[in-house]
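Colleague: So in the numbering used here, spot 55 of the sequence shown is number 45, and the numbers just go up one at a time. Before I ask anything, here is the structure I am working with.
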Amino acid sequence: MQKLGSLLFILLVTAVLQADVTAADKSSDVVITLQASKEHLFVGEPFDLEVTVQRCNTIERVPPIFVAPQTEHIWVKRVYKPIQAQENNCSVIKRRYVVSAQQSGLLNIHAAEVKVAYDEEQRDAWGNLTTERYWESHYSNTLEINAKNLPDATTLVGEFFLTLKVENREVAANRALNAELTVEGAGNFEDLSVVIPKISGVDIFVTEPELEQVGSEDQERWRQKLTFVGKRDFTIVPITLAYFDLSDERLKTVQTEVIPIHVTGGKRDILPKIKEDTSGVTAWYILGVIFALGFLIAVWSKSLKEKAGRPKVSYHDHKAVLRLLLVHKDDEGVLEVIERLEASLYEGKESVIDQKEIKKLLKKYQK
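This is the structure in C-alpha cells:
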C-alpha cells in the first residue's frame, strides 16, 4: 500500500510540473509591448500609444482581442484598426491609439491587456478528438508620461488655420447672409471653442460645430455655419484663435479678414417732413415686419429641428459641458463655472463642481 501511495504521489507531482511547463510555454510565446511616441509633452497635445503583440512559432487562427488601455487623466481620442505583419517565424499585430494628457505632471499608463486565443485538443467521453478554445490575458509593460501646462492664454496646442467664407458681400436688408467658419490643422480639436464677436445692429445665428477627420493622417477640420441678418451696412470683424505652436513652442494667433457687407434697401437716417402718402410707407413697413417675423420663425424652427436630432450633453461629461458653456461665457455666472471646470480638467486642481448648478445651466442652454 505504501508503494502504491508513493507511486500515485509521484504521478501527481509529474502531472502538475508538466502542466506548469505547458502554461509557461504558452505564455512565453506571446510578447506584449506598449510604446509611446512621446514621453515629454504638453497638456492636450495628441500623441500615439502603440500596443504590439508578437507570437512566434505558432499559427494565428484567431485575432487577439485588444482591451483599451486603462489610464488616468489621459483621454483616448482615436483608435485605429489593428495592422498585422509577418516577421520571420513571428506574427506581429499592432494597434495604435491617439491620446492626449488632460492634466499636468507625471502620469502613469497602466499595462495594456491583450486576450489571446488557444486551441487545445482533447478526447471526449467516447474517445473522439475535439478542439477546446479558451482565452488567456497577457499584459504589456507600463509607461510614464511627463505633461507640462500650456500658457494661461490658451488651451489649444498644435497647428491651426482659420478661415471665414461668406456667400456674398452684398445682401438685402433683413435677409439672411450665410457664412461658414472653418478651422483646419492638427491638435486637440476636442477642446476647440471659437468666440464669435458681436456686431451692433446685426443678429447672428450659429449652428453646432461639426468635426471631421481629413485624410489618413491626424489632420482634422472643424466647421460651423453662421447667419448674419442686418438692416444696414455692417462689417464682420476679425474672428481670432490663439494656440500654442509646438514647432516654435510659443503662442500664436490666427484670425479671419475684415469683411465689409453692403446692405441694400436698408433703413436710412430719418428725414424730416415725410408726411405725404404715409399709407404706402405703412404698407411697406408692415410687409417688412411680416417678412422679418417669417424669417425668424423659419430660423427658430430649423434650430429646433437641429436640436431635436442633437444628442444632449450629460452633466457627467465635464469636457462637453465646458465646450457648451464657452459659447455663453459672457452670461452672468457662467465664467465662474468655466474657470472651475478648466481648473479641474486641465490643471488637476480639486475644484468643487456643483452638479446642481451644472444641471441648471444645461437645462437653460439645451432647451
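The C-beta atom is built at its ideal place from N, Cα and C for all residues, glycine as well.
1. In the DSSP assignment, find the beta strand (DSSP E) that holds R113 and state where it starts and stops.
2. Going by the beta-carbon positions, is the gap between V173 and L231 smaller than 8 angstroms?
3. Tell me the residue span of the alpha helix (DSSP H) that contains Y355.
4. For H366, name the three-state secondary structure that DSSP assigns.
5. Please name the residue in Y355, V52, G177, V161 whose C-alpha comes closest to that of T145.
6. Counting only runs that start and end within the stretch 167 to 240, where is the beta strand (DSSP E) found for 3 or more residues in a row?
7. Compare the beta carbon distance of I249 and V156 with 8 angstroms and say whether it is the shorter of the two.
8. Closer than 6 angstroms by C-beta to Y103: which residues in its own chain qualify, once you throw out the five before and the five after it? Chain order, please.
9. For I73, which of helix, strand or coil comes out of DSSP?
10. Would you say Y87 and F150 are within 8 angstroms of each other, going by their C-beta atoms?
11. Between the alpha carbons of P187 and I229, how many angstroms are there, rounded?
12. Taking all protein chains shown into account, do 16 or more other C-beta atoms lie within 10 angstroms of the C-beta of N158, making it buried, or fewer, making it exposed?
13. Taking W317 as part of the beta strand (DSSP E), name the residues at either end of that continuous run.
14. Please report the residue range of the beta strand (DSSP E) in which H128 lies.
15. Roughly how many angstroms separate the alpha carbons of K339 and A333, rounded to a whole number?
16. Pull the bridge partners of D38 from the DSSP assignment, please.
17. Please identify the residue among W116, I251, Q112, E77 whose C-alpha is closest to the C-alpha of C46.
18. Please list the terminal residues of the continuous beta strand (DSSP E) segment that includes Q25.
19. Hey, does L351 have any beta-carbon neighbour from chain D nearer than 8 angstroms?
20. Which residues share a DSSP beta bridge with P250?
21. Between the C-alpha atoms of S190 and R85, what's the straight-line distance to the nearest angstrom?
22. Under three-state DSSP, which class holds E149?
23. Beta strand (DSSP E) containing A137: first to last residue?
24. Would a C-beta distance cut-off of 8 angstroms place L216 and I194 closer than the cut-off?
25. Assuming G323 is part of the beta strand (DSSP E), what are its boundary residues?
26. Can you look up K242 in the DSSP assignment and give me helix, strand or coil?
27. What do you reckon, are the CB atoms on H252 and E322 nearer than 8 angstroms?
Modeller: Walking through what the data contain:
1. It spans 103 to 113 - the beta strand (DSSP E) in which R113 sits, taken as one unbroken run.
2. For V173 and L231, yes; Cβs fall inside 8 angstroms.
3. Start and end: 345 to 355.
4. One cannot answer for residue 366 here, as it falls past the ends of the chain, which runs -9 to 357.
5. For the set Y355, V52, G177, V161, the Cα lying nearest the Cα of T145 is the one of G177.
6. List check, beta strand (DSSP E) in window: 192 to 196, 200 to 204, 209 to 220, 224 to 226, 230 to 235.
7. Result yes, Cβ atoms of I249 and V156 sit closer than 8 angstroms.
8. The sequence given here places Glu at residue 103; Tyr does not occur at that position. Excluding residues within five positions, the ones whose Cβ falls inside 6 angstroms are V57, S127, Y129.
9. In the displayed model, I73 falls within a strand according to three-state DSSP.
10. Going by C-beta atoms, Y87 is not nearer than 8 angstroms to F150.
11. Distance between the alpha carbons of P187 and I229 is about 7 angstroms.
12. Using a 10 angstroms sphere on the CB of N158, the tally of other CB atoms stays under 16, which defines it as exposed.
13. Checking the sequence, you will find Val at residue 317 rather than Trp. For V317, no beta strand (DSSP E) run applies, since DSSP gives it neither H nor E.
14. 119 to 129 is the extent of the beta strand (DSSP E) around H128.
15. Those two C-alpha atoms are separated by around 6 angstroms.
16. Beta bridge pairing from DSSP links D38 with V88.
17. Of the listed residues, the one whose Cα sits closest to C46 is E77.
18. That run of the beta strand (DSSP E) goes 20 to 26.
19. Of the chains in the structure shown, none is chain D; there is only one protein chain.
20. Partner(s): T225.
21. If you take the alpha carbons of S190 and R85, they lie about 52 angstroms apart.
22. Residue state, collapsed to three classes: strand.
23. Run containing A137: 133 to 138, per the beta strand (DSSP E) assignment.
24. Taking C-beta atoms as the reference points, L216 and I194 count as a pair closer than 8 angstroms.
25. Looking at the DSSP string, G323 is not in any beta strand (DSSP E), and its letter there is neither H nor E.
26. Note: K242 maps to strand in three-state DSSP.
27. Going by C-beta atoms, H252 is not nearer than 8 angstroms to E322.
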